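Colleague: Supplied in C-alpha cells, the structure appears directly below.
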Amino acid sequence: QHNGELTEQEKWRAIDKVKGLTLGSTEKQALADKQAEHDKKIRDQARQEALAELRKGFGNHA
10 QHNGELTEQE
20 KWRAIDKVKG
30 LTLGSTEKQA
40 LADKQAEHDK
50 KIRDQARQEA
60 LAELRKGFGN
70 HA
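Per this note's numbering, the very first residue in the sequence shown carries number 10; after that it's consecutive.
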C-alpha cells in the first residue's frame, strides 16, 4: 500500500510504532487538537456575536 491509501488511523498507528509510543497516542493527540480547534472556533463565534450585540445596543443609545 502507498501512504496515500492509508486511513488516518493507520497513519497514526504507524507514527506510534516508528516513535515507539503507546499505540493510540498520536490518534488521541490528533483528536484532542481537533477538539481544541473546534472549541476555539465556537468561542470566537460567540465572542463575535456578543460584540455585535453590544455594538448594536450602544448604537441605539448614542
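The C-beta atom is built at its ideal place from N, Cα and C for all residues, glycine as well.
Values in this document were obtained by computation on a predicted structure and should not be read as measured data.
Which of the three DSSP states is assigned to residue 68 in this structure?
Modeller: Note: residue 68 maps to helix in three-state DSSP.
Colleague: Are the CB atoms of residue 25 and residue 32 nearer to each other than 7 Å?
Modeller: The answer is yes: Cβ separation under 7 Å.
Colleague: Would you kindly report the start and end of the unbroken alpha helix (DSSP H) that includes residue 19?
Modeller: 17-28 is the span of the alpha helix (DSSP H), which, as asked, contains residue 19.
Colleague: In three-state DSSP terms, what is residue 32?
Modeller: Coil at residue 32, not helix or strand.
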